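In this text, residue positions in the sequence shown follow the numbering used here: the first is 316, and each later residue adds one.
Here is the structure we will look at.
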Amino acid sequence: HHPAHAANAFYTSGFDEALCISIDAYGSGMTNVVAVGRRGKPIEVLHRTPYPHSFGAYYEQLTSALGYAPNRHEGKILGLAAYGDPELLMDVVRARLDERAGEVGLRGTLNAFFPRLLSLRFTKQDIAAAYQGAMERAVSEVVKYWVNKTGIHNIVLSGGVCANVKLNQRIFETEGVQKIFVHPGMGDGGLCTGAAFLLEEAQGMEPYVMENAFLGPEYPESEMRAAIERADLPYERFDEVEEKIADLAVSNEVVARYNGRMEYGPRALGNRTVLYRAADPSVNRWLNQQLGRTEFMPFAPATMFEQRHQNYKNIDGAEYTAQFMTITFDCTDKMIEENPAAVHVDGTARPQLVTRTSNPSFYKTLDAVNRRCGVATLINTSYNMHEEPIVCSPDDAVRAFTEGRIGVLAMGPYLAWLPEKGRPAALDNAESVPSA
């Protein structure tokens, strides 16, 4: 289990050498594994932490105690934590951790009644902040120990707990860490690829850089058009659809974008995505309502790679992993001023950096937006209804669009809209190919 997580992280990192850390709820009797990956050599496990010393279980019990669904709503708790004071209960929570050299014992925290008891006296925000903060500090100390012990300064992460983007930021900021990569399929859904890497390891598997995460199904234009027509949606076809999406975005339209192959991993990265400008935070509330979601974190921004330093602090060494939306960064004043809808209350954002080669169509869209308004960022949230998977097929996309009643559907080269809303005014001057 954990060797597969470690293999995922190392072999897709592109690093010649890395400290591989897998942090999970449970797998093969273990919860955490520390290993070393070196080019041309099998991954070497240095340390294993047995169950029940599990930060995954720690967060699951916190999620349940605060009234949310464990194994489902941990992301809500992460967002909630930013609204609390982590120091108010920090000593209380950390006193229940058994922090040792290179590992953390958690037996004292695996008591579902403890956070419930705290909730009788303290706010959910402060409890979440203390638990999140205690985990960040404890894991950071573990990372620091192994960096010093091995002399390796590149960190690669996998395992379900590494979906916690604030934890990943804290690990990157740990003394001695120079570069970080978080595998985009960090949860157990990625174990299949990790197992394949381990099998290939015996044949001389080499670390490589993932060009993109678009490994899922792709559907032909004919099926996209058929799905739109089955739903009786008015539509038009555009040769330069990215320019039209930009026109819509700068006119404050919300665009559901369906294009190319589906993403691997839990993040929408531009092909099964809902896009809109990040200038107005109120759109977050509207879109959450339309999609049936309740979130405490703002939606994530997608930013042109060349604009990374203008928008995010301390990003050098994490640019690659930021292409997969797996880590937060502190935002610059420019980012906060221009894109407030994408910035959390703690001043951080979880960006997707988009390169010209990783997703040419999405990059062209951001570039077109930048040419129109001088801002190379759009909100990018997953294209799905609440509690449903990200849309896969054209029919999935059309159903989510009609149920969510969101602005415009951009499916391949087609733009479709709801009949009752009419043709978007931003398209009035468009030169379209008639939808014969």
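Think of the CB as a built atom: it goes at the ideal place given N, C-alpha and C, for glycine as much as any other residue.
Since we're looking at a predicted model, the values are computed, not measured.
TODO: Look up residue 697 in the DSSP assignment and give the residues it is bridged to.
DONE: 588
Open item on the list: Under 8 Å: do the segment 668-676 and the segment 609-616 share three or more Cβ pairs, one atom per stretch?
Closed with: no
TODO: Under the assumption that residue 709 contacts residue 544 (Cβ atoms under 8 Å), give the Cβ distance between them as a whole number of angstroms.
DONE: So it is not a contact: roughly 11 Å between Cβ atoms.
Task: Backbone CA spacing between residue 751 and residue 556 [nearest angstrom] - done: Any answer about residue 751 is weak, because its pLDDT of 35 lies below 50 and its placement is not dependable; what the coordinates show is given next. Looking at the two C-alpha atoms, the distance is approximately 17 Å.
Open item on the list: Could you check whether residue 481 and residue 393 sit closer than 9 Å to each other, using their CB atoms as the reference points?
Closed with: yes
Open item on the list: Check for me: the alpha helix (DSSP H) holding residue 685 runs from which residue to which?
Closed with: 675-688
Task: Bridge-paired residues (DSSP) for residue 381 - done: Per DSSP, none; premise fails for residue 381.
Open item on the list: Using DSSP's beta-bridge definition, name the partner residues of residue 494.
Closed with: 469
Task: Assigned exposure category for residue 624 - 16 Cβ within 10 Å defines buried - done: exposed
TODO: For residue 630, name the three-state secondary structure that DSSP assigns.
DONE: coil
TODO: Would you tell me roughly how many angstroms separate the C-alpha atoms of residue 598 and residue 384, rounded to the nearest one?
DONE: 26 Å
Task: Residue interval of the beta strand (DSSP E) (run including residue 667) - done: 667-669
Open item on the list: Under 8 Å, with one C-beta from each stretch per pair, do the segment 345-363 and the segment 411-423 reach the 3-pair mark?
Closed with: yes
- [ ] State the DSSP-derived secondary structure class of residue 334, mapped to helix, strand or coil.
- [x] strand
Task: Residues that DSSP places opposite residue 644 in a beta bridge - done: 664
- [ ] Determine which residues share a DSSP beta bridge with residue 730 and list them.
- [x] 551 and 725
Task: Test item: CB-CB of residue 637 and residue 510 under 9 Å - done: no
Open item on the list: According to DSSP, residue 418 sits in a beta bridge with which residue or residues?
Closed with: 415
Task: Uninterrupted alpha helix (DSSP H) stretches inside the segment 539-583 (no shorter than 4 residues) - done: 556-565
Open item on the list: Can you give me the C-alpha to C-alpha distance between residue 339 and residue 506, rounded to a whole angstrom?
Closed with: 12 Å
Open item on the list: Pop quiz: residue 561 and residue 671 are said to be a contact at Cβ under 8 Å. What is the actual Cβ separation, rounded to whole angstroms?
Closed with: No, residue 561 and residue 671 are not in contact; Cβ-Cβ is about 16 Å, not under 8 Å.
Task: Inter-stretch contact at 8 Å, needing at least 3 Cβ pairs: the segment 702-720 / the segment 654-664 - done: no
- [ ] Round the Cβ separation of residue 705 and residue 571 to the nearest angstrom and send it over; I've been treating them as touching at under 8 Å.
- [x] About 12 Å; that fails the 8 Å criterion.
Task: Cα-Cα separation, residue 427 to residue 477 - done: 22 Å
Open item on the list: Going by beta-carbon coordinates alone, are residue 641 and residue 582 separated by less than 9 Å?
Closed with: yes
Task: Boundaries (first-last residue) of the alpha helix (DSSP H) holding residue 516 - done: 506-516
- [ ] Could you spell out the range, first to last residue, of the alpha helix (DSSP H) harbouring residue 317?
- [x] 317-326
- [ ] In angstroms with no decimal places, state the Cα-to-Cα distance between residue 667 and residue 617.
- [x] 5 Å
TODO: Return yes when the Cβ of residue 579 is within less than 9 Å of the Cβ of residue 512, no when it is not.
DONE: no
- [ ] Let me know if residue 441 comes out buried or exposed under the rule of 16 or more other beta-carbons within 10 Å of its beta-carbon.
- [x] buried
Task: Beta-carbon contacts of residue 316 that lie in its chain and below 6 Å, excluding the five residues immediately before and after - done: 342 and 343
Task: Touching by the beta-carbon criterion (3+ pairs, under 8 Å), the segment 323-335 and the segment 463-472 - done: yes
Open item on the list: On the criterion of 16 or more Cβ atoms from any shown chain inside 10 Å, does residue 735 qualify as buried, or is it exposed?
Closed with: exposed
Open item on the list: For the alpha helix (DSSP H) containing residue 394, name the first residue and the last one.
Closed with: 389-396
TODO: With DSSP as the reference, please indicate the residues paired to residue 353 in a beta bridge.
DONE: 332
Open item on the list: Taking the straight line between their C-alpha atoms, what separation do you get for residue 456 and residue 491?
Closed with: 11 Å
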